[in-house]
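For the sequence shown, numbering that gives the first Met the number 0 gives the first residue as 0, with consecutive numbering after it.
Beta carbons: idealized from backbone N, C-alpha and C, even for Gly.
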Amino acid sequence: MEFATFWCYNTIKRGGETVQNNENNLSKEHILVCLSSSPSNERIVRMAGKMAQAFCGSLTALYVQTPGYSGMNAEDIARLQANIRLAQQLGAEIITTHGEDVPTQIAEYARLSDVTKIVIGRSGVQRRHFWSEPTLTEQLITLAPEMDIHIIPDAEVYKSDPRKPFSAVRPALPTARELLLTVGILTAATIIGWLFLRLGFADANIIMVYLLGVLLTSAFTSGYTCGVLSAFLSVILFNYFLTEPRLSLVAYGSKYPITFAVMFMAALLTGTLAAKLKAHAQLSARDAYRTKLLFDMNRQLQKAETSEEVYRMTATQIQKLMQRNILIYPAQEGALSKGILYPADASSPYSAPDTDQEQDVIDWVWQNRKRAGATTQNFPKAKRLYLAIRTGQQIYGVVGIPMEKQTQPDAFTSSVLFSLLGECALALDNLRNAREKEEAAVLAKNEQLRANLLRSISHDLRTPLTSISGNADTLLHSYDMLDEQTRKQIFTDIHDDAQWLTELVENLLSITKIADGSVKLRLSDQVVDDIVSEALRHIDRRSTEHHITVDCGDVPLLIRVDAGLIVQVLINLVNNAVKYTTAGSDICITAIQQKKAVEICVSDNGPGIPDELKERVFEMFFAGGNPIGDSRRSLGLGLTLCQAIIHAHHGEITLKNNSPHGCIFSFTLPLSEVNLNE
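1. Check ASP561 in the structure and name its three-state DSSP category.
2. What does the alpha-carbon distance come out to for the pair ALA562 and LEU640?
3. For LYS277, which three-state DSSP category applies?
4. Are there three or more Cβ pairs, one per stretch, closer than 8 Å when the segment 374 to 387 is compared with the segment 47 to 63?
5. If you compare alpha carbons, which of ALA334, PRO342, GLN407 is closest to ILE361?
6. If contact is defined by three or more beta carbon pairs under 8 Å, each pair taking one atom from either stretch, is the segment 137 to 146 in contact with the segment 96 to 112?
7. Could you check whether the segment 294 to 310 touches the segment 421 to 434, counting it as contact only if at least three pairs of C-beta atoms, one from each stretch, sit closer than 8 Å?
8. So, for GLU92: in the same chain, excluding its five sequence neighbours on each side, which residues have a beta-carbon less than 6 Å away from its beta-carbon?
9. Taking only heavy atoms of the ligand HEM into account, decide whether any of them is closer than 6 Å to the Cβ of ASN656.
10. Note the first and the last residue of the continuous alpha helix (DSSP H) segment covering ARG78.
11. Using only the alpha-carbon positions, how far apart do LYS487 and SER509 sit?
12. Could you give the distance in angstroms between the alpha-carbon of THR65 and the alpha-carbon of ILE117?
13. Below 8 Å on the Cβ atoms is my guess for GLN316 versus LEU340; work out the distance and round it to an integer in Å.
14. I need the straight-line Cα distance from LEU320 to VAL398, nearest angstrom please.
15. Count the C-beta pairs between the segment 563 to 576 and the segment 527 to 542 that are closer than 8 Å, then say yes if the count reaches three, no if not.
16. Report the residue from GLN366, ARG541, LEU556, GLU243 whose alpha carbon sits nearest the alpha carbon of ASP496.
17. Verify whether the separation of the beta carbon atoms of ALA62 and ALA410 is less than 7 Å.
18. Where do the N-terminal and C-terminal ends of the beta strand (DSSP E) with ASP585 fall, by residue?
19. What does a CB cutoff of less than 8 Å around SER414 pick up in its chain, not counting 5 residues either side in sequence?
20. Return the residue from the list VAL527, GLN484, GLY222 that minimises the CA-CA distance to MET71.
21. Anyone know if the C-beta pair for ALA175 and GLY212 falls short of 7 Å?
22. Are the CB atoms of ILE327 and GLN318 nearer to each other than 7 Å?
23. Could you give the first and the last residue of the continuous beta strand (DSSP E) run that contains HIS29?
24. Whose C-beta lies closer than 6 Å to the C-beta of GLU550 among residues of the same chain, with five residues either side of it excluded?
25. Can the beta-carbon of LEU681 be found closer than 7 Å to that of THR269?
26. Is it the case that the Cβ atoms of LEU654 and LYS595 are separated by a distance below 7 Å?
27. Got a sec? Which residues, its chain only, sit under 6 Å from ASP492 by beta carbon, not counting five neighbours each side?
28. Pull the bridge partners of PHE664 from the DSSP assignment, please.
29. What are the boundary residues of the beta strand (DSSP E) that includes ARG389?
30. Note down, in chain order, each residue of its chain lying with its Cβ closer than 6 Å to the Cβ of ASP585, except the 5 sequence neighbours on either side.
31. Buried or exposed for LEU384, going by 16 or more other Cβ atoms inside 10 Å?
32. To which residues of the same chain is SER658 closer than 6 Å at the C-beta, ignoring the five residues directly before and after it?
33. Could you give the DSSP three-state label for GLY399: helix, strand or coil?
34. If we ignore side chains and look at the alpha-carbon of each, how far apart do PRO102 and GLN301 end up?
35. Among residues of its own chain, excluding the 5 on either side of MET46, which ones have a beta-carbon nearer than 6 Å to its beta-carbon?
36. In this structure, how does DSSP classify GLU672 when only helix, strand and coil are distinguished?
This is the structure:
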């Protein structure tokens, strides 16, 4: 048998090596291993893990929870939990389904999940007669003929009595309440049957009353024991109290033996079906509850924008599942932060009290990415069960769940719990990826801006510097040969180029300070007329070729602003109007009060700005559709700077058309609350 196992493993390994040489087959293999409470299931799970590693495929561990799960003893449950933990350590995804037909559940899940290989153990129970029920292996081969089914010989089963398989479920003993309920229902059925007998009803009607009693017993008790007991006692009570001679188990008439047999079979079948329906209803309810928890979790996580929201939503769903306080240690910058306790009474979360006695457990889970604490083999004396929130090798935190009386969660609870933690880890992973993508986009944008800035500055600086250098060279070598008017024109050109360079540097410095947040507004109360007058003293000298008018109203308007920055805004807006309109155009500066703000407008009657470009005029390096660094010497920074300054003052700047043509730039600033009449 060991030779067969060794041969099987070598075959798998050779197959895996072949697959690794074919890139097209990588990551296509999906291995499914079936979990059970059998002692040999551990060996089967390990073999499936080796197979998944050899084939470079994914591994799923499936446990089919039948209605008889409640009848499993503590030893079988502990063994099942150990096998589940082993599968998790091997990287398997744990799936729990519910149903009575185990082979059908396995085959359906394998078909729906694109499983390529199924790994199961070979049962020691073999068919001895042609009418015997096919084994699990035989049924699975019939239900999934298109899949590769790997049967691992189970040596321990062959050493034991094949008539007593390890997976056998012992019937649960009824409770005292269930026994009293059974006796009460049978007593009521007997009384009703006696009344029917006194009223002359036929035996068939009385038998129906007992069948109803068996049905009620099965519906209101757990398991099959009370239903079977009720079916047997129904026949005894009917014979003892309601057939001749009464108060005796002897019955007159040849028909009664057949009647008793049919009655017992009908009652037994009725009770069994009722118990199965109840068990299926309970399983369906648990499945619905599990689906609702996961659906709610997924829906809420889609709306989560921060990791704090993800942790809170996860704690809430785990509380719904286990009705306990949840302790979460979030991961921050590669280390665990202080734990946050989420109370089960729905009160606000708060920092967890110091748990120095369990800090070693928490650190162990963080470092090893495995469960530890209560109900586990690692630090079993801890008060809480600690689980890692992880995806692959990335860990996002540790969850602590108090375990009462060191009882292990059942397979259903464990399955839902791990699914919730998986959803949490996936959501945190998505947030991390989105954050990294956003940071990468910002870096790329900054790099693009830097490249544009360098390209623009290198182009625009070269033109005025070349002009200044050439004019200075002319004055240096030909000063005496130039007439007074020519020299004056050269000096004027040098001044204009230097003034443009000064304006460029000031805009760049202001943009940089506002972008990195280093600029601090020096707010003071200023009269709008004074700010406008100061700005007009520093505008482009070509403004003399235009008609500039100012209308700030008859009442002085007082605003609370940084005067230097607002002056720079007006200079940029007026210079733009001068630059992009023809000589002789009208430029008007107006200021009007609007409730608690002052609106300042700079309008012109030039050609205006096309509608398709209006949304982009405030973008950095946008020069009105002209190439950056053209003859107008526009870097596209002026309006961007204006918008940043106005926003820093909590105002708004807008662009609209002038009538009949031209454009109007308007911005709002907060009105000072100083009373001028005081």
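So, to answer that:
1. The answer is coil: DSSP assigns ASP561 none of H, G, I, E or B.
2. Their backbone Cα atoms lie some 15 Å apart in a straight line.
3. Correct three-state label for LYS277: helix.
4. When C-beta atoms of the segment 374 to 387 are compared with those of the segment 47 to 63, fewer than three pairs fall below 8 Å, so the two segments do not count as touching.
5. When only C-alpha atoms are compared, the closest one is ALA334.
6. Under the three-pair Cβ rule at 8 Å, the segment 96 to 112 counts as touching the segment 137 to 146.
7. Contact between the segment 294 to 310 and the segment 421 to 434 is established, with three or more Cβ pairs separated by less than 8 Å.
8. When the five nearest sequence neighbours on each side are left out, the beta carbons in the same chain lying within less than 6 Å of the beta carbon of GLU92 are those of THR59, in order along the chain.
9. Looking at this structure, you won't find the ligand HEM or any other ligand, since it has none at all.
10. That run of the alpha helix (DSSP H) goes 73 to 88.
11. Taking the straight line from one Cα to the other gives about 33 Å.
12. In a straight line, the C-alpha of THR65 is about 20 Å away from that of ILE117.
13. So it is not a contact: roughly 16 Å between Cβ atoms.
14. Distance between the alpha carbons of LEU320 and VAL398 is about 14 Å.
15. Between the segment 563 to 576 and the segment 527 to 542, the count of C-beta pairs closer than 8 Å reaches three or more; the two stretches touch.
16. Of the listed residues, the one whose Cα sits closest to ASP496 is ARG541.
17. Note on identity: in this sequence residue 62 is Tyr, with Ala being the wrong assignment. In contact: TYR62 and ALA410 (Cβ atoms closer than 7 Å).
18. ASP585 -> beta strand (DSSP E) spans 585 to 593.
19. Answer for SER414: TYR62, ILE93, ILE94, THR95, ARG289, listed in chain order.
20. When VAL527, GLN484, GLY222 are compared, the shortest CA-CA separation from MET71 is found for GLY222.
21. Contact annotation: ALA175 and GLY212 have beta-carbon atoms that are not nearer than 7 Å.
22. For ILE327 and GLN318, no; Cβs fall outside 7 Å.
23. 29 to 33 is the extent of the beta strand (DSSP E) around HIS29.
24. Note on residue identity: the sequence assigns Asp, not Glu, to residue 550. For ASP550, where only same-chain residues beyond five positions count, the Cβ hits under 6 Å are THR589.
25. Absent from the model: residue 681. The displayed extent of the chain is 0 to 677, so no value can be given.
26. No, Cβ-Cβ distance for LEU654 and LYS595 is not below 7 Å.
27. Result list for ASP492: ASN470, in chain order.
28. BP columns for PHE664 point to VAL601, LEU654.
29. Taken as a continuous stretch (DSSP letters only), the beta strand (DSSP E) holding ARG389 covers 383 to 390.
30. Only residues of its own chain outside the window of five on either side were considered, and among them HIS546, ASN604 have a CB closer than 6 Å to the CB of ASP585, listed in chain order.
31. By the neighbour-count rule (16 or more Cβ atoms within 10 Å), LEU384 is buried.
32. Cβ neighbours of SER658 within its own chain (closer than 6 Å, five residues either side excluded): none.
33. Annotated three-state conformation of GLY399 is strand, per DSSP.
34. Cα to Cα, PRO102 sits roughly 36 Å from GLN301.
35. Here the set comprises ILE151.
36. Three-state DSSP puts GLU672 in coil, outside helix and strand.
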